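For the sequence shown, my numbering assigns the number 50 to the initial residue and increments by one for each residue that follows. Some notes on the structure that comes next.
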Amino acid sequence: MCVGYLNKTLVKTDQYTAKDFSFRKTCPEIPNTTYLTHKIHSYPAKFIPHIPRWFLKEYGRPGNTILDPFCGSGTALVEANLLGINALGVDINPLAQMLLKAKTGLVDNHDKFSSQCLDIVEKTHEYPPNYVPDLPNLDTWFLPQARKELSQIFGYLLDNPHQFPDEVIDFMLVCASSVVRKVCNADPQISKPFISKRMRALLKENSVEQRALHLLKHNTRIFLDRKIKYMRTIDNLGKIWGYLPTSKMVMNSDARTLRNIRNQSIDSIITSPPYANAQEYFRSIKMELYWLSLLDGDYLKQLNKEIVGTESLPISECRDTPEFGIKELDTALEEIHLIDQKRAHIVLRYFQDMQASIEQCYRVLKPGAYFGLLVGDNVIRKIKINTHSFIQEIAEGTGFSTETVGYDRIVARRLTPKRNVSAGLIEIEWMLIFRKPGL
């Protein structure tokens with residue numbers, strides 16, 4: 050087993066010398082983390098495009114099909130298409146499919162697409178504000194002007210799904226979604242919705258942004274510019290490749306089942322799964338999901354139960370000391386259990402879910418194919434959890450061989466550092482490269 054520690058220049062392990070990837074330096078052709086359609090819509094815990102770009106340049110080739118089983122906003126899939134690689138994504142978040150279409154979908158007539166999107170922007174100004182999302186405490190989260198203008202925007206888009214082509218409506222729903230948190234009373238500097246002391250002061254000063262219609266026009270123009278540049282790039286490269294790569298979301302699937310993906314059909318996998326006990330993903334984007342009419346209270350509870358590393362565990366199931374089967378992990382689980390029974394079982398469930406996912410990744414990968422996984426360690430109830438080490442042991446137990454163990458220091462966070470009183474900061478992220486035996 051590989052147990053890592055960090056010093057000033059080198060991360061060492063028992064069996065490997067870990068490589069300092071410094072991913073931001075590995076792909077100088079990438080100008081920034083938000084170039085092209087990566088700019089479209091914020092998303093919690095995104096990994097930088099340099100990571101999938103590096104992996105796919107090393108272990109992929111044009112015409113391949115790659116998979117990201119925790120695809121989120123589609124960063125890996127965008128990068129795959131830019132390299133001529135077809136991509137499949139899996140994610141239980143209903144927003145993920147919309148973002149993938151907005152970022153990678155191609156249209157024949159760029160000018161017509163832009164004109165139709167901007168036409169919708171104008172039509173929302175005249176639409177009656179009758180739409181009310183099923184969001185609890187709506188008046189707490191949004192002031193009257195913001196509620197009215199968001200109602201006009203989403204009301205028009207949801208009431209008129211057939212007035213424009215599907216790709217136009219889908220893109221504009223993403224543009225509309227990008228506005229929600231900007232006119233919300235929740236602090237934009239904190240991932241999960243929370244009206245902080247800073248925001249309360251701004252509310253007293255009437256300084257909270259309210260102009261949803263103005264922001265829709267602003268964001269639509271920016272996102273259109275990025276999307277058209279992306280489509281032109283793909284079109285030009287497609288003339289060289291002789292084909293246009295595609296990105297698709299695998300429907301009715303999950304990272305633990307990879308349902309609807311055939312055995313040995315994937316050329317490589319690159320992904321960044323959730324951290325153990327580090328982020329309430331659906332809570333951080335619930336405002337957008339409610340306004341998009343993709344969510345109600347019951348569905349939110351269901352999603353929170355289904356996510357890898359769920360915290361939705363009944364306390365009655367948490368009384369026994371948890372045991373996974375890896376000695377060091379079991380010791381840590383026992384120590385956490387003495388302090389916080391439920392937290393220990395949340396961590397156990399995380400590793401059980403990750404084991405199921407890794408087994409499915411093994412199933413769908415072709416023999417000899419590579420699997421890249423970026424993950425961070427945790428400190429839970431002041432007890433260190435060497436997540437990357439345990440993931441490596443699980444992968445090797447599944448049948449993978451470890452090719453490379455490396456790390457990347459976190460330069461900027463998309464999550465607030467104090468995101469969970471039970472979870473410590475993640476200062477580095479580990480890149481694990483596995484290989485399935487075979488050709």
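Each residue gets a CB set at the ideal place from its N, CA and C atoms; glycine is no exception. Remember, it's a predicted structure, so these values are computed and weren't measured experimentally.
- For residue 317, the enclosing beta strand (DSSP E) starts and ends at 315 to 320.
- Take residue 404, set aside five residues on each side of it, and the residues of its chain with a beta-carbon closer than 8 angstroms to its own are 443 and 447, in chain order.
- Remark: C-beta atoms of residue 152 and residue 109 do not approach each other more closely than 8 angstroms.
- Cα atoms of residue 434 and residue 381: separation of roughly 7 angstroms, rounded to the nearest angstrom.
- Residues 136, 153, 283, 294 and 296 of the same chain have their beta carbon placed closer than 7 angstroms to that of residue 130, with the five preceding and five following residues left out of the count.
- Here residue 445 carries a helix assignment [DSSP, helix/strand/coil].
- DSSP places residue 304 outside any beta strand (DSSP E), giving it a letter other than H or E.
- Across the set 320, 229, 413 and 181, the C-alpha of 320 shows the shortest separation from the C-alpha of residue 425.
- Annotated as distal: residue 170 and residue 216, with beta-carbon spacing of 8 angstroms or more.
- Counted as a single uninterrupted DSSP element, the alpha helix (DSSP H) harbouring residue 172 occupies residues 159 to 174.
- If the five residues before and after residue 354 are omitted, its C-beta is found closer than 6 angstroms to the C-beta atoms of 361, all from its own chain and listed in chain order.
- In the same chain as residue 430, and ignoring 5 residues on each side of it, the C-beta atoms closer than 7 angstroms to its own belong to 385, 388, 389, 392 and 471, in chain order.
- Taken in chain order, the whole beta strand (DSSP E) runs of length 3 or more contained in the segment 53 to 140 are 114 to 117 and 135 to 138.
- Residues of the same chain with a CB within less than 7 angstroms of the CB of residue 370, apart from the 5 flanking positions on each side, are 383 and 386 in chain order.
- The C-alpha of residue 410 is placed about 28 angstroms away from the C-alpha of residue 290.
- Our two residues, residue 223 and residue 161, have alpha carbons roughly 18 angstroms apart in a direct line.
- Per DSSP, residue 334 is not a residue of any beta strand (DSSP E), being assigned neither H nor E.
- The criterion of a C-beta distance shorter than 8 angstroms is satisfied by residue 191 and residue 233.
- At the C-beta level, residue 159 and residue 280 come within 8 angstroms of one another.
- Between residue 418 and residue 310, the alpha-carbon positions lie close to 16 angstroms from each other.
- Under the DSSP assignment, residue 243 falls outside any beta strand (DSSP E); it carries neither an H nor an E label.
- Linking residue 251 to residue 244 through their CA atoms gives a straight-line distance of about 10 angstroms.
- Membership of residue 254 in any beta strand (DSSP E) is not indicated, and neither H nor E is assigned to it by DSSP.
- Around the C-beta of residue 346, fewer than 16 other C-beta atoms lie within 10 Å, and the residue is accordingly described as exposed.
- Going by C-alpha positions, residue 298 is about 6 angstroms away from residue 146.
- Within the same chain, Cβ atoms closer than 7 angstroms to the Cβ of residue 333 are found at 93, 240 and 241, the five residues on either side in sequence being excluded.
- Between residue 117 and the set 144, 303 and 66, the nearest pair of CA atoms involves 303.
- Inclusion of residue 163 and residue 277 in the CB contact set at 8 angstroms is warranted, their separation being smaller than that value.
- Put simply, the backbone Cα of residue 213 is about 29 angstroms away from that of residue 187.
- Under the three-state reduction of DSSP, residue 143 is assigned to helix.
- Distance from the CA of residue 126 to the CA of residue 120, rounded to the nearest whole angstrom, comes to 8 angstroms.
- In the structure shown, residue 416 adopts extended strand secondary structure according to DSSP, grouped into three states.
- Excluding its 5 nearest sequence neighbours in each direction, residue 316 has C-beta neighbours in its own chain below 7 angstroms: 109, 113, 114, 115, 415 and 418, listed in chain order.
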